[in-house]
Each structure stands twice: as structure tokens, then as C-alpha cells.
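Accompanying notes for the structure given below.
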Amino acid sequence: MSPDRRSVSRRLLLRETGLVAAGLAAGSLMPRQSQAAPAPAESLRQQLTACEPGGDPLQALVAGNRRFAAAWKAASGPMDNQVRRRLMVDLLADNCQLDPTALAKGQKPWAAILSCADSRVPTEILFHRGPGELFNVRCAGNTAFSDGVASLEYAVEVLGVPLILVMGHSGCGAVEAAMDPNASLTPLLTDLVKPIRASLVPGEPLPAAIRTNARYATQAMLRKSELLAGAKAAGRVRVQAAYFDIGSGQVSLL
Ligand SMILES: [Zn+2]
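Take the sequence shown: its letters are residues 37 to 290, numbered as in the working numbering.
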């Protein structure tokens with residue numbers, strides 16, 4: 037994309053987001069060193085990034101998932117529900133929490149996640165994060181659907197998110213339905229599983245097909261978005277496929 041076109045597309049993305057006024061759009065984040073006290077926009081940025089991990093954001097997600105998986109494992113199996121609740125509450129009690137009054141004014145997430153709509157894939161919980169940290173895009177089967185890819189363009193270009201994780205999960209019903217040529221699907225669901233069916237490799241069992249679909253969605257997203265492909269090539273965003281195993285609670289990178 038030429039600089040002019042990129043500038044135009046960024047202006048379009050920024051329009052009506054409110055982030056320009058808040059001074060939080062990507063490219064306007066440099067500290068104002070000439071001032072003794074932080075300017076309001078800088079002060080807000082500091083509040084909104086207070087939970088942002090230092091170093092590699094992907095490793096931070098992996099580390100957060102390790103904490104979740106340990107609690108998930110401890111809470112697995114027959115036990116008194118109060119005990120199970122305590123095990124999970126203890127995990128959440130350990131979360132970093134951003135100030136809601138700051139979040140009411142803006143956001144500065146540090147990772148974007150394209151994942152399935154499945155109720156068993158609550159990303160903030162399974163990466164041990166709080167509100168304002170993860171930019172979520174979800175649809176059944178975690179496909180690179182157009183509105184989702186557009187949302188990720190916004191995350192990268194406007195919010196400056198440096199990482200996109202495309203994550204499938206064990207027992208995905210959308211992939212299972214896509215694998216069944218006789219599945220009875222509505223016209224809209226038929227459209228939804230089309231890209232999943234395009235990813236299928238004959239003979240692959242469900243767990244492998246789910247991983248293949250996550251990798252396929254990653255590439256499809258980059259094929260679909262010139263902006264995201266350009267950002268990746270320029271090193272402004274890293275893109276990674278992943279797989280969440282519901283039973284163990286563990287996310288593995290693909
Ligand atoms: Zn699913």
C-alpha cells in the first residue's frame with residue numbers, strides 16, 4: 037500500500053473512534069519529555085498500559101495460560117463446587133486490573149485474538165488477563181471472516197496491537213460440522229463453514245483438522261488484508277496460530 041493510500045485508510049479507520057481526540061492512536065504515543073508533568077493523553081496511556089507485560093507479548097500469553105492451566109487442572113474432577121470456585125477465584129484474584137475510569141476513556145490492548153465463539157474459550161480467563169488487555173474477535177470456527185479481519189485491521193493500525201493470535205480449540209463443533217458433508221446447515225451456516233471446508237485435508241481426524249483450520253485462517257487473514265500483510269512484513273505485528281485444549285486448559289503454539 038502506498039504511503040498516501042495508507043494515510044487515507046488510517047484516517048478512515050480513525051474516524052469517529054474518539055481515539056484521535058484522546059491522543060491514543062498509534063503514532064501519537066511518544067512521551068512528551070519536554071513537560072515536567074505528564075500531559076493528559078500520556079497520563080491516560082500510562083493508566084491503560086499499566087497491566088501490559090514487558091518483553092515478548094506472545095510469551096506473556098503463554099505464561100498467563102500456564103497459570104490458568106494449573107488452576108484448571110486443580111479444579112478438574114469431582115469435588116465440592118465451593119472448592120472448585122475457590123480455586124478459580126484465587127486465579128482471578130491474582131489478575132492485574134486496569135482502572136475502569138481510564139478504560140471508559142480509551143483502550144490500549146497489547147494482543148488481538150481471533151478465536152471461536154465456543155463458550156469454553158473465554159480468552160481473558162484462559163490467558164489470565166483483565167479487561168482492556170486483549171482485543172477479541174470471535175466467530176464459530178475462528179475463520180478469517182471479513183468483518184473480523186477488518187476489526188483486526190483496526191486493532192493493528194489504530195490501536196497499535198503488536199500480536200495477533202489465531203486460535204482453534206479441541207472439540208470445535210464448527211470444524212466438526214464442516215467435516216460432515218451431510219450436515220444439515222442453514223444457508224448462513226453453510227457460508228460460515230465454507231472456509232473451514234477449504235482448509236480440510238482428506239483423512240485428517242478432528243484434532244488435526246482444527247489445527248489445520250487455525251493455520252489456514254491465519255494465512256487467509258493475511259491474504260484478505262493488504263494492511264495486515266504489510267504490517268507483518270514491516271515487523272509491526274506478529275501473527276501466530278495456536279490450539280487450546282479444553283481438557284488440560286493448555287494453549288499450544290502451532
Ligand atoms: Zn469452535
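Yeah, the Cβ is synthetic: ideal placement off N, Cα and C, and Gly gets one too.
| Check | Outcome |
| --- | --- |
| Residue interval of the alpha helix (DSSP H) (run including Val185) | Ser182 to Glu193 |
| DSSP bridge partner residues for Asn172 (one or two, in chain order) | Ile149 |
| Residue of Thr254, Ala253 and Ala244 minimising C-alpha distance to Asp2 | In the structure as shown, the chain begins at 37 and stops at 290. Residue 2 is therefore absent and cannot be evaluated. |
| Sheet register partners of Gly283 (DSSP bridge) | Per DSSP, none; premise fails for Gly283. |
| C-beta neighbour in chain B for Pro74, strict 7 Å | Absent from the structure: chain B. Only one protein chain is present. |
| Cβ-based neighbour list, Met66, same chain, cut-off 6 Å, excluding 5 preceding and 5 following | Residue confidence for Met66 is low, a pLDDT of 40 falling below 50, so the modelled location carries little weight and cannot support an answer. |
| Asp126 CB to nearest heavy atom of ligand 1 below 6 Å | no |
| Within the segment 234-288, ranges of the alpha helix (DSSP H) (whole runs, at least 4 residues) | 242-260 and 262-269 |
| Distance between Val125 and His164 (C-alpha atoms, nearest Å) | 11 Å |
| Residue of Ala214, Leu236 and Ala269 minimising C-alpha distance to Val229 | Ala214 |
| Pairwise C-alpha distance: Val194 and Cys152 | 24 Å |
| Beta-carbon contacts of Leu123 that lie in its chain and below 8 Å, excluding the five residues immediately before and after | Ala107, Ala110 and Ala111 |
| Span of the alpha helix (DSSP H) around Leu199 | No alpha helix (DSSP H) holds Leu199; the beta strand (DSSP E) holding it covers Leu199 to His205. |
| Residue of Ala73, Gly166, Asn172 and Met203 minimising C-alpha distance to Ala250 | Met203 |
| Inter-stretch contact (C-beta, 8 Å, three-pair minimum) for the segment 132-143 and the segment 158-178 | yes |
| Asp135 beta carbon near ligand 1 (any heavy atom closer than 6 Å) | no |
| Pairwise C-alpha distance: Glu160 and Gly59 | Reliability fails at Gly59, whose pLDDT of 41 lies under 50, so the model's placement of it is uncertain and no value is given. |
| Nearest-angstrom Cβ-Cβ length linking Pro93 and Ala148, presumed shorter than 8 Å | Contact doesn't hold; Cβ gap of about 10 Å is too wide. |
| As assigned by DSSP and simplified to three states, the class of Asn117 | helix |
| Range covered by the alpha helix (DSSP H) that runs through Ser112 | Per DSSP, Ser112 belongs to no alpha helix (DSSP H) and is neither H nor E. |
| Distance, Ala138 Cα to Gly113 Cα | 39 Å |
| Cα-Cα separation, Pro241 to His205 | 14 Å |
| Cβ shell of Leu97 (< 7 Å), same chain only, five flanking positions each side left out | Ala147, Phe163 and Leu201 |
| Contacting residues, own chain, Cβ-Cβ under 8 Å from Ala278 (five flanking each side not counted) | Leu201, Val202, Met203, Gly204, Ala250, Val287, Ser288, Leu289 and Leu290 |
| 8 Å Cβ shell around Pro217 - same chain, five flanking residues per side excluded | none |
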